[in-house]
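The listed protein sequences derive, respectively, from chains A and B.
Position 402 (the first sequence) corresponds to 402 in this note's numbering; numbering is contiguous.
Position in the second sequence counted from 1, then plus 1000, gives you this note's numbering.
All residues carry an ideal CB built from backbone N, CA and C; glycine is no exception.
Encoded as C-alpha cells, the structure appears first; notes follow it.
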Amino acid sequence: MRAARVLLRPVGFAGFGLLTVVLLVAVFGPVLWDGRATVIDTGDLLAGPSGEHWIGTDNLGRDLFFRVLVATRLSITLALAATAIGMVLGVVLGAAPMLTGRRVARFITSAVNVLVAFPGLLLVLFFAVVFGVGARGAALAVGLAGAPAFARLCHTLLSGVSERDYIAAARIAGVSKFRILVRHALPNIAEPLIVNATMAAGGVLLTFSGLSFLGLGVQAPSYDWGKLMQDGLNGIYVHPLAALGPGIAVVLAGLAFNLTGEAFAAAFGIDVIPGVARVRAVRGAAGESAGPAVAAPDPEPGTVLSVDGLRVTIPGARRPIHAVRGVTFAIRDGEAVGVVGESGSGKSVTALAVARLIEEPVRVDANHLVFAGEDLMAADDPASLRKRLGTSLVVVFQDPMTSFNPAHRVGPQLAEVGRFHQGLGRRAAFARAVDRLHAVKLREPERRARQYPFEFSGGMRQRAMIGMGLMGTPRLIIADEPTTALDVTVQRQVLALLGEVRGDTGAALLLISHDVSVVTEVCDRVLVMYAGLIVEELPARDLGTLARHPYTRALVAAVPDMETDLTRPLAVIPGTPVDPSDVPAGCAFAARCPLADDHCRAVEPPLQADAAGNRVACHKAGWPLPADSAEVTV
Amino acid sequence: MGGWTPAAVPPSAARGLRGRAGDLWSHRWLRFALRRAGRLLVSLWVLVTASFLMIHLVPGDPVRAALGPTAPAELVLARTRDLGLLDPLWRQYAGFLGNLLRGELGVSISTRLPVGETIAQRLPATAQLAVAAFLLSVLVAVPVGVVMAVITRRGKGRRTELAFTGTNVVLGAIPDFLVGVGLVYLLAVQTHLFPVAGRAGPDSYVLPVLALAIGPCAVLSRIVRVEMLAVMEADYIRTARAKRLTPWRVQLVHALPNAVTASLTLGGLLLSSLVAGTVLVENVFAWPGLGSTIVSSIVSKDYPLVQGTVLIYGVGVLLINTLVDVVLALLDPRSTIGES
C-alpha cells in the first residue's frame, strides 16, 4: 500500500527509478563494459569528448565514460558496506542503554552525544589515520564515523517507543529486556531506521567519493568515482568532462538514495496544507444557498457589531468546505452575547471571521460586517483601520498556554499595542503594560512583566491576555472558549475578571463556548449554532425554559445540575453531528431530531424572528417532544 | 473607566522586585554556564585523549610506516625515542597533556618543523574560508527562507514552491567539492572570471567561499522556510495578528525569532560541518590552509602533524557548538531552564 503511494508521487517515482537504474548498472556494469573500460589506446591519450569516447579518455587512453559506468559497482558497494557498518554499530550503541544498567546507559548516551557533535568528515579523517589509506580502511572509517549519528537516532526512536503501553505491558509481564528489545521495540522503529539508512547511504556515497578524491580512499589500480574525479581534476583546463563526468554520476546516485528516502519518509507522514486542517470545519454541500437570510438591519446607533450573511469557505481537496453558511446577528454596546454549539458547529470560525483573523486560502464573505461604524469587509486604508481595531477590538483565545509568544517577555508583548497603536515610547508603553497587569490582578506585575510566558501559569496567562486587551479601550471582546483550557476554580476567576472588565470599560462581549452553563451565567443573549448556521437566538435567561429548537433543548438537557438523577445515565444528544462531507438537504438537524418528518428532511427551515425578536430556524419550533426521547426532555 | 487609568507603582517596590528577579535570572544563567562549560571540558578531554591514542591505535610501528621501509633502523629508533614512544603509556599521556598546556604540539616527522608553527601559518586561511562561507550562507539563507515562507504559505505560489524545493534538494545533494569543480569549470576555465586556484587577491576567495556556502545555504534556507511555515500557524502568531500589527512586524518580530531558534541547532551543525568541508574544498582550489595539510600529513603518515591538525579542527568545532548553545539560550531562555 505504502510502497504504491510512494511510487505515485513524482519525487518517489524519480528517486526509485533512478535508484533502480543505478543498482542495475552496479550489478551488470562491470560484466558488460569492463573490456571497454580497461582497453588501453596509446594513440588516444587524454583525448577530449568525441563520437568514440563520449567524455574523453584518461592518461592511458582508456574510455572514461565506460570507466564511470564500471566504477558504479565499487562506489555503491563501498557506500553500502560503510552504511551497513555504521547502522549495525549504531543500532548496537543506540539499543545498549535499554539493556544495560542506568550508569552504563548514561555513559553510552553521553559518549554518543560527545561524538555526534563532531562533523562526520573529521571522524572519518581520524579513523582514516588509524586504519590507513585504502578502500578497506576508508570503508571502516566512514562506517565508524557514521555510527554515532545512527546511535543517536536509534536511541531517540527507542525511547519514544519504550513509553508505549505494549512495552510497559511486556515489562510488567516479566519479559526479558533483550526479548523486549528484539521482539517489541526494534520492529517498531524499523521503518524510520531504514528510511534514514537509505538517505544516509546517499550521504555516505558522497563522503566516500570525497575521501577517494582526496587520495585517502580507493587506490590505483582500482577506481571509484572519487578516484576518477581526482585523476580528472588535474586536467580540468584541457577537458573538464573528465572531472565533471564522474561528479555527475556521484550526484545522480546520491540523489537516487536521497529522493527515495525522502519519498518514503513523506509517505509515512500525512500531507495537509498546514493550518487548514486545524480549522474545525463542517463541510456543506457545494453550491449551498447563502443560507436563511433575514433582511439585513441597517446598523442602528448603539450597535457595536453587525454581521449579515457571513460565510466562511475552506477550499478542500475535492470541493470547498462551507464552515459557516450564512450567519446574521448584531451586538449592541455593552451587551454580552454567547454562541453555543457542539464542536464543529462553526462557532469558533465565526468568531475568527468576525475578528478578521482568518487568512487565505480560507475565504470569508459577508453582505456586511460592520464593527463600531467601520466596514471590515472593505480593505481601504488598512493602516488606520489596524490602529483602531488594535485598540478597540480584543480577542481572547482558547489556549493561554500557546497564545503568548515564547520568545518574548510578557510585558513587551502587551506594550506592543501601546507602542504601535497609541504612539507611546518603549518605556511608557512598558509602564502601561505593568499597570494593565496590575489591573487584571496579577501579583507583582513589575516582576511578572519581565518574565517569559513559560514562567506563568495558565490562569495567569489568560489574565495577562485580557490585560493585553486593556491596553486600549475595548469596545468588543471576542472570547473564544476562554476558559476551556483552565481548571474549574481558575475558570471562575477568569470569568469574573471578564465581567469586571466589561463593567469598567463598557465593552460588549462575544463569548464562544460549548458550555451552556457558562453562557447562561455570563451572557444576555445566546446564539445557538448547528452545522454552520444559527438555529436559534434567545435571551440567555430563557434558555432553560423558552428554547423552541429541539437542538437547543437537547443542549440544555445535556447539562447536568444539582437535580440530575445520578442513578440514570447522563443525558446526551442522540446521534452524531452532521457528516461533514454530506450535509443533507432540508434541516441539518433532522437526522437527530425526534420531531423530524419528511418536510424537515426536504426543506431547510428559515431563521424567523418572532415579535419579541427571538429567532428560530425550525419547522416544529416549540412542539412538545415525544415522551420516549427521555434524553431530550427539558 | 476610572479603574483602568495607569496607577504609579511605588518606586521602592519596583526596585525591590527587579532586584529579586535579577537574582533569579543570574542564578539560572550561572547554572547554565556551569553545565555548558562542564560539557565543553569533557568533550575537550575526549578529543585530546582520542588524538593522543590515535598514534597508538595505528597497527604496526607508526614511525617505521612514516619513514618508509628503506629507512635505516637507527633512524627509526632515534625518531621513536624523539617522539617519546618508548616511555610507558601513562608518562607519554602526561607528557602530551603537559605539552598541550604549554602550547606545544610536537615536531613534524617529515619536515622537522614544530607542528604549532605549521598550524599557525595555515589556520588563518582556513578560518577565513569557513567564516566567510558561514556568513554568506546565513545572510542569504535566512531572508530567502523567510521570503519563500511568506510567498508559499498555505498553498499559495505552488510553482514557486516547487521550483524552490526542487533547486534546494539538488543543491543540497551536491557535495561542496563537486560544486567547487563545477564552479572552476564554469567561472574560471570557461569564462576566466576568477582564478582557478590558489590564494592571492580578494577574487581568489570567491569560488572557494561559494563552493562551501551553496550547500549549507540550500539546506538552511529550506529549514528556515519550514520552520517559518510551522511557526506562522502557531497560536501566538494569531495573537500578534489580533493585536493588528503590520504583517512585517508579525513575520519578523514574532515569527522569525521562533523559527530561528529551531533552525539554529541545525545551523550550528552546518557550521561545524563547514569547518570540516574546508578540507575537500581546499584540495580542489589548492588553498594553502589546514585542509591540505591534514590530507598530505595523513598520506605521508606524519602523525604528530595529524594529531595537531585533528586537535585544532576538533577544538574549533567544539567552540562553535558551545557558541551556538549560548546564542540559543539567549534567544530562547526556555532551553536554559528546560534542561535543568
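Quick check: the Cα distance between residue i and residue j, rounded to an integer number of angstroms?
i                 : j                 : result
Cys618 (chain A)  : Val394 (chain A)  : 34 Å
Gly35 (chain A)   : Pro1069 (chain B) : 36 Å
Arg1244 (chain B) : Thr391 (chain A)  : 9 Å
Ala185 (chain A)  : Met199 (chain A)  : 22 Å
Ser222 (chain A)  : Gly203 (chain A)  : 22 Å
Ala330 (chain A)  : Val362 (chain A)  : 23 Å
Ala1213 (chain B) : Leu1083 (chain B) : 39 Å
Pro605 (chain A)  : Cys587 (chain A)  : 6 Å
Val339 (chain A)  : Ala415 (chain A)  : 31 Å
Ala290 (chain A)  : Thr328 (chain A)  : Low per-residue confidence applies at Ala290 (chain A): pLDDT is 39, beneath 50, and the placement is therefore not dependable enough to give any value.
Gln462 (chain A)  : Ala439 (chain A)  : 13 Å
Ala496 (chain A)  : Val490 (chain A)  : 10 Å
Pro292 (chain A)  : His421 (chain A)  : In this prediction, Pro292 (chain A) has a pLDDT of 39, which is less than 50 and means its spatial position is unreliable; what the coordinates show is noted afterwards. Taking the straight line joining both Cα atoms gives about 39 Å.
Thr1191 (chain B) : Ser384 (chain A)  : 54 Å
Gly637 (chain A)  : Ala253 (chain A)  : Residue 637 (chain A) is absent from the structure shown; chain A starts at 1 and stops at 634.
Val1144 (chain B) : Ser1221 (chain B) : 6 Å
Met1054 (chain B) : Val1196 (chain B) : 35 Å
Leu607 (chain A)  : Pro624 (chain A)  : 20 Å
Trp54 (chain A)   : Ala37 (chain A)   : 12 Å
Phe213 (chain A)  : Gln230 (chain A)  : 5 Å
Leu424 (chain A)  : Gly418 (chain A)  : 6 Å
Val488 (chain A)  : Ser403 (chain A)  : 20 Å
Val175 (chain A)  : Ala147 (chain A)  : 29 Å
Ile273 (chain A)  : Val1275 (chain B) : Unreliable positioning characterises Ile273 (chain A) in this predicted model, as indicated by a pLDDT of 33, which lies under 50. The coordinate reading is nonetheless provided below. Those two C-alpha atoms are separated by around 37 Å.
Val1170 (chain B) : Leu1256 (chain B) : 26 Å
Going by other Cβ atoms of all chains shown within 10 Å of its Cβ, with 16 needed for buried, is residue i buried or exposed?
i                 : result
Phe28 (chain A)   : exposed
Asn196 (chain A)  : buried
Asn234 (chain A)  : exposed
His599 (chain A)  : exposed
Asp1261 (chain B) : The amino acid at residue 1261 (chain B) is misidentified as Asp; the sequence shows Thr. Thr1261 (chain B) is buried by the Cβ-count criterion.
His1056 (chain B) : exposed
Ala621 (chain A)  : buried
Leu74 (chain A)   : buried
Tyr551 (chain A)  : buried
Glu52 (chain A)   : exposed
His549 (chain A)  : buried
Leu1330 (chain B) : exposed
Leu1135 (chain B) : exposed
Taking the alpha carbon of residue i as the reference point, which residue from the options has its own alpha carbon closest?
i                 : options                                : result
Tyr1313 (chain B) : A:Arg164, A:Ala407, A:Ala330, A:Val124 : A:Val124
Ala190 (chain A)  : A:Arg73, A:Thr483, A:Ala265, A:Gly344  : A:Ala265
Val324 (chain A)  : A:Gly334, A:Val251, A:Gly346, A:Ser306 : A:Gly346
Pro584 (chain A)  : A:Pro148, A:Ala602, A:Thr38            : A:Ala602
Gly134 (chain A)  : A:Phe150, A:Thr484, A:Asp224, A:Phe66  : A:Asp224
Pro10 (chain A)   : A:Met98, A:Gln451, A:Val501, A:Ala263  : A:Ala263
Ser1300 (chain B) : A:Leu216, A:Asp63, A:Arg67, A:Leu206   : A:Leu216
Met460 (chain A)  : A:Ala485, A:Thr473, A:Leu476, A:Ile477 : A:Ala485
Leu93 (chain A)   : A:Asn405, A:Arg152, A:Leu32, A:Thr20   : A:Arg152
Ala1211 (chain B) : B:Ala1188, B:Val1226, B:Ala1230        : B:Ala1188
Thr483 (chain A)  : A:Arg102, A:Pro626, A:Gly458, A:Gly316 : A:Gly458
Phe150 (chain A)  : A:Gly43, A:Val116, A:Gly226            : A:Val116
Val1279 (chain B) : A:Gly120, A:Gly48, A:Ala531, A:Ala547  : A:Gly120
Asn1168 (chain B) : B:Gly1182, B:Pro1062, B:Gly1215        : B:Gly1215
Ala372 (chain A)  : A:Arg436, A:Thr350, A:Asp333           : A:Asp333
What residue range does the beta strand (DSSP E) around residue i cover?
i                : result
Ala378 (chain A) : Per DSSP, Ala378 (chain A) belongs to no beta strand (DSSP E) and is neither H nor E.
Met529 (chain A) : 525-530
Glu537 (chain A) : 533-539
Tell me where the alpha helix (DSSP H) around residue i begins and ends.
i                 : result
Glu191 (chain A)  : 186-213
Ala1286 (chain B) : It is not in any alpha helix (DSSP H) - Ala1286 (chain B) carries neither H nor E in the DSSP assignment.
Arg1081 (chain B) : 1073-1082
Which residues of chain C have a Cβ atom closer than 7 Å to the Cβ of residue i, listed in chain order?
i                 : result
Ser1272 (chain B) : Of the protein chains in the structure, A and B, none is chain C.
Let me know the alpha helix (DSSP H) ranges lying completely inside the region 1171-1199 of chain B, each 4 residues or longer, listed in chain order. 1176-1183
Quick one: complete alpha helix (DSSP H) runs, 4+ long, within the region 1200-1242 of chain B? 1203-1232, 1235-1242
Those runs of the beta strand (DSSP E) which lie wholly inside the region 453-527 of chain A and span at least 3 residues: 476-480, 508-512
Every unbroken beta strand (DSSP E) inside the region 153-189 of chain A [3 residues or more]: none
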